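Asks: Pasting in a structure now, in structure tokens, and then I'll have a few things to ask.
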Amino acid sequence: MENIDYIMDTAQKNFGGQIESYTTMFFGVCESCRSEQGLTKLAATADS
Ligand SMILES: [Zn+2]
Numbered sequence: 001m002e003n004i005d006y007i008m009d010t011a012q013k014n015f016g017g018q019i020e021s022y023t024t025m026f027f028g029v030c031e032s033c034r035s036e037q038g039l040t041k042l043a044a045t046a047d048s
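Written as structure tokens, this is what we have:
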């Protein structure tokens with residue numbers, strides 16, 4: 001994954017103070033859960 005520190009510059013544009021650090025979290029399902037369960041959910045939402 002490439003460096004995403006540019007996110008601090010983007011956030012800084014809308015904040016008058018000084019951003020000194022940030023935390024990024026990712027949530028999701030693993031590959032096997034995705035293939036077992038995700039496909040049916042994705043198919044269901046794709047129609048709406
Ligand atoms: Zn899983």
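Residue numbers for the sequence shown follow full-length UniProt numbering, so the first one is 1 and each next one is one higher. Virtual Cβ for every residue (Gly too), placed ideally from N, Cα, C. In this text, all values refer to a predicted model and were calculated from it rather than measured experimentally.
1. Can you tell me whether S35 sits near ligand 1, meaning its C-beta is under 7 Å from at least one heavy atom of the ligand?
2. Can you tell me which of the three DSSP states Q18 falls into?
3. Check the C-beta distance from M1 over to I19 and give it rounded, since I have them as a contact under 8 Å.
Replies: So, from the listed chains and residues:
1. In this structure, ligand 1 has no non-hydrogen atom nearer than 7 Å to the beta-carbon of S35.
2. Correct three-state label for Q18: coil.
3. With a beta-carbon spacing of about 21 Å, M1 and I19 fall beyond the 8 Å limit used to define contacts.
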